[in-house]
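Working notes, structure below.
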Amino acid sequence: MPEEMTFEQALKSLEEAVAQLEKGQMPLDESLDCFEAGVQSANLCRKKLQAVESRIETLMKNSDGSFTTEPFSEDDGQD
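Sequential numbering from 90 applies to the sequence shown in our numbering.
This is the structure:
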């Protein structure tokens with residue numbers, strides 16, 4: 090397999106696959122190939138987003154004024 094796509098490349102590939110499928114003008118076999126490529130691109134995007142999410146840390150200020158980092162959580166700050 091060629092070098093892995095960047096997130097942006099995979100997202101563009103997914104968008105192109107969706108656009109082609111929405112036109113509905115491809116033969117069935119080509120549509121299936123396009124769908125499979127879109128699924129692969131979506132999976133790559135998901136994998137890259139999960140990797141980035143695991144690297145993000147939230148900086149938290151302690152009561153004594155010092156700072157610590159904690160893993161990112163989607164619930165943080167959404168009260």
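Every residue, glycine too, gets a C-beta built ideally from N, C-alpha and C.
In this chain, F124 is not harboured by any beta strand (DSSP E); it is covered by the alpha helix (DSSP H) spanning 117-144. Where F156 is concerned, the enclosing beta strand (DSSP E) starts and stops at 156-160. For E97, the enclosing alpha helix (DSSP H) stretches over residues 96-112.
In its chain, beyond the 5 residues on either side, M94, A99, L100, S102, L103, A106 have a beta carbon closer than 8 Å to the beta carbon of S130. Exclusion of the five residues before and after F161 leaves E142, I145, E146, T147 as the residues of its chain whose Cβ lies within less than 7 Å of its Cβ.
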